[in-house]
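*Asks:*
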Amino acid sequence: MRIIRSSDRTDPSCQALLQSTPIVAAVGFFDGVHRGHAYLLDLLKQEAARRHGRSLVITFPTHPRKVLQPQQTPPLLTTAEEKARLLEVLGIDLCAMIDFTPDFARQTSQAFMRDYLRQWFHTDCLLVGYDHHFGSDADASFERYCEEGRALDIDVVKADEWTEASSHASSSAIRRLLQSGDVDEATRLLGHAYTLSGTIGDGRGIGHTLGFPTANLRTDNPDKLLPKDGAYAVWAAVDGHDYAAMTYIGRRPTFDDSLERTIETHLIGQRLELYGKPMTLRFTARLRDEQTFASTDALVSQLERDVAHAKTLLL
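Numbering (numbering that gives the first Met the number 0), first residue to last: 0 to 314.
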């Protein structure tokens with residue numbers, strides 16, 4: 000998958016690529032790239048194949064609300080890098096990561112279709128989600144998009160809503176599920192495991208003294224959503240290997256009253272030197288809520304039960 004950035008607008012090779020075949024585009028933030036998105040993107044690929052062209056997803060590296068309503072910006076389900084990887088897995092040909100700026104936000108749908116879809120991306124067809132709106136004229140209807148498209152020689156097609164057994168996949172619904180700790184339902188609506196990625200930093204060594212050494216994950220993006228505090232069964236990817244693991248997210252109430260949330264992962268049956276290495280966690284199941292223990296012995300007993308439970312779920 001070719002990634003196109005705002006700086007590529009005047010790149011001759013990028014223009015040549017976009018003009019070489021018909022372009023079928025979809026526009027949106029696509030946070031999580033969940034099953035509803037996957038349904039829309041499958042229609043996008045089908046339409047591109049029908050036209051013997053390429054599929055193009057136009058999206059943004061940061062959430063538009065960070066510009067429009069910075070105090071109401073939701074936490075991210077996927078970073079820009081994670082989103083690009085998921086789009087590539089789904090078979091998308093081109094992904095344009097466009098900088099969402101105040102000037103960009105002020106564009107009407109007509110200006111966006113003219114300046115971006117037609118003049119930059121040479122779009123032949125725009126696929127619009129069943130409830131999607133774009134441009135500063137938020138009240139613009141699908142019929143208006145069609146009218147503006149006809150003036151620019153862009154076909155505008157509307158996709159149906161994805162539904163399965165009365166389920167409705169939306170990024171906001173998945174955020175609520177993760178914030179409540181329901182990783183099972185979140186995974187079902189995402190169509191893939193929820194992930195956290197980052198670099199392993201130094202910790203306080205508490206897990207090591209208890210016989211459960213942990214890797215303290217520092218996430219790559221502070222805007223990334225952390226699931227509800229508690230213990231989880233996860234798969235941890237380090238150095239090209241997947242390890243069954245238990246992850247704890249929380250504030251260590253048994254040992255201190257710090258408000259800092261940590262992400263500590265114990266690789267089951269492993270004792271590896273991990274400091275400074277990148278790691279990705281794939282959340283599989285929730286084990287329990289955050290707890291305060293009366294003694295370290297009580298905590299160790301619970302950790303033993305957590306590890307045993309995680310092993311039954313993962314191995």
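Glycine included, each C-beta is placed from N, C-alpha and C at the ideal position.
Note that the structure is a prediction, hence the values are computed from the model and not measured.
When you compare only the Cα positions, how much space is there between L67 and Y231?
*Replies:* By one-based count along the sequence shown, residue 67 stands at place 68. By one-based count along the sequence shown, residue 231 stands at place 232. L67 and Y231: Cα-Cα distance of roughly 35 Å.
*Asks:* Using 7 Å as the cut-off, classify the Cβ of D305 as near or not near the heavy atoms of the ligand SAM, replying yes or no.
*Replies:* The ligand SAM is absent from the structure shown, which contains no ligands of any kind.
*Asks:* Do the region 24–35 and the region 124–135 touch if we need at least three Cβ pairs shorter than 8 Å?
*Replies:* With a cut-off of 8 Å, the region 124–135 and the region 24–35 count as touching, because enough Cβ pairs lie within range.
*Asks:* Taking only three categories from DSSP, how would you classify I57?
*Replies:* Looking up residue 57 in the sequence shown gives position 58. Strand, per DSSP.
*Asks:* Assuming G206 and T213 are in contact, meaning their beta carbons sit under 8 Å apart, how far apart are those beta carbons, in whole angstroms?
*Replies:* Here residue 206 refers to the residue found at position 207 of the sequence shown. Here residue 213 refers to the residue found at position 214 of the sequence shown. That belief holds up - the Cβ atoms of G206 and T213 are roughly 4 Å apart, short of 8 Å.
*Asks:* Looking only at C-alpha atoms, which of M278, G249, F133 and P221 sits nearest to R287?
*Replies:* Locating residue 287 in the sequence shown gives position 288, counting from the first residue. The shortest Cα separation from R287 among M278, G249, F133 and P221 belongs to G249.
*Asks:* Smallest Cα separation from G210: which of S140, I267 and T107?
*Replies:* The count along the sequence shown starts at 1 and reaches residue 210 at position 211. The residue with the shortest Cα to Cα distance from G210 is I267.
*Asks:* Taking its Cβ as the centre, do 16 or more other Cβ atoms sit within 10 Å of Y274, making it buried, or is it exposed?
*Replies:* On the sequence shown, residue 274 is found 275 positions in, with the first residue counted as 1. Exposed: under 16 other Cβ atoms inside 10 Å.
*Asks:* Nearest to L93 by CA position, among T122, R270 and L76, is which residue?
*Replies:* To locate residue 93, count along the sequence shown from 1; it is residue 94. Nearest C-alpha to L93: T122.
*Asks:* Would you mind sorting T374 into buried or exposed? The rule is 16 or more other CB atoms within 10 Å of its CB.
*Replies:* With the chain covering 0 to 314 only, the question about residue 374 has no answer from this structure.
*Asks:* If you follow the alpha helix (DSSP H) that S170 is in, where does it begin and where does it stop?
*Replies:* The residue given as residue 170 occupies position 171 in the sequence shown. S170 -> alpha helix (DSSP H) spans S170 to Q178.
*Asks:* Count the C-beta pairs between the region 39–51 and the region 166–182 that are closer than 8 Å, then say yes if the count reaches three, no if not.
*Replies:* Too few Cβ pairs lie closer than 8 Å, so no.
*Asks:* Name the residue from A293, N215 and R285 whose alpha carbon lies nearest to the alpha carbon of E259.
*Replies:* To locate residue 259, count along the sequence shown from 1; it is residue 260. The shortest Cα separation from E259 among A293, N215 and R285 belongs to N215.
*Asks:* Should S179 go down as buried or exposed, given a rule of 16 or more other Cβ atoms within 10 Å for buried?
*Replies:* Translated into positions along the sequence shown, residue 179 becomes position 180. Burial call: exposed.
*Asks:* For K82, count neighbouring Cβ atoms within 10 angstroms of its own Cβ and tell me buried if that reaches 16, exposed if not.
*Replies:* Here the question's residue 82 lines up with position 83 in the sequence shown. K82 is buried by the Cβ-count criterion.
*Asks:* Between W234, E263 and W161, which has its C-alpha nearest K310's C-alpha?
*Replies:* Residue numbering aside, residue 310 sits at position 311 when the sequence shown is read from its first letter. Cα-wise, what sits closest to K310 is W234.
*Asks:* Would you call the CB atoms of I262 and L312 closer than 8 Å?
*Replies:* On the sequence shown, residue 262 is found 263 positions in, with the first residue counted as 1. On the sequence shown, residue 312 is found 313 positions in, with the first residue counted as 1. Contact: no.
*Asks:* Measure the CB-CB distance between A244 and H265 and report whether it falls below 8 Å.
*Replies:* Residue numbering aside, residue 244 sits at position 245 when the sequence shown is read from its first letter. Residue numbering aside, residue 265 sits at position 266 when the sequence shown is read from its first letter. Yes, Cβ-Cβ distance for A244 and H265 is below 8 Å.
*Asks:* Taking buried to mean at least 16 other C-beta atoms within 10 Å of its own C-beta, is H62 buried or exposed?
*Replies:* Walking along the sequence shown from the start, residue 62 turns up at place 63. H62 is buried by the Cβ-count criterion.
*Asks:* Do G52 and T20 count as a contact pair if the criterion is CB distance below 8 Å?
*Replies:* Your numbering for residue 20 matches position 21 in the sequence shown. Your numbering for residue 52 matches position 53 in the sequence shown. Going by C-beta atoms, T20 is nearer than 8 Å to G52.
*Asks:* Leaving out five residues on either side along the sequence, give the residues of the same chain with a beta carbon under 6 Å from the beta carbon of C145.
*Replies:* The sequence position of residue 145 within the sequence shown is 146, counting from 1. Contacts found: V155.
*Asks:* Would you call S170 buried or exposed, if buried means 16 or more other Cβ atoms sit within 10 Å of its Cβ?
*Replies:* Taking the sequence shown and counting its residues from 1, one reaches residue 170 at position 171. Looking at its Cβ environment, which holds 16 or more other Cβ atoms inside 10 Å, S170 is buried.
*Asks:* Classify M0 as helix, strand or coil using the three-state DSSP reduction.
*Replies:* As a working note, residue 0 is residue 1 in the sequence shown. Coil at M0, not helix or strand.
*Asks:* What's the call for A15, buried or exposed, on a 16-neighbour Cβ count within 10 Å?
*Replies:* Position 16 of the sequence shown holds residue 15. Exposure of A15 is indicated by the presence of fewer than 16 other C-beta atoms within 10 angstroms of its C-beta.
*Asks:* Do R285 and G229 have their CB atoms nearer than 8 Å?
*Replies:* As a working mapping, residue 285 is identified with position 286 in the sequence shown. As a working mapping, residue 229 is identified with position 230 in the sequence shown. Cβ atoms of R285 and G229: closer than 8 Å.
*Asks:* Helix, strand or coil: how does DSSP classify F141 here?
*Replies:* Working through the sequence shown from its first residue, we reach residue 141 at position 142. In the structure shown, F141 sits in a helix (DSSP, three-state: H, G or I).
*Asks:* Report the residue ranges of all alpha helix (DSSP H) runs contained in full by the region 3–34; include only those spanning at least 4 residues, in chain order.
*Replies:* 11–19
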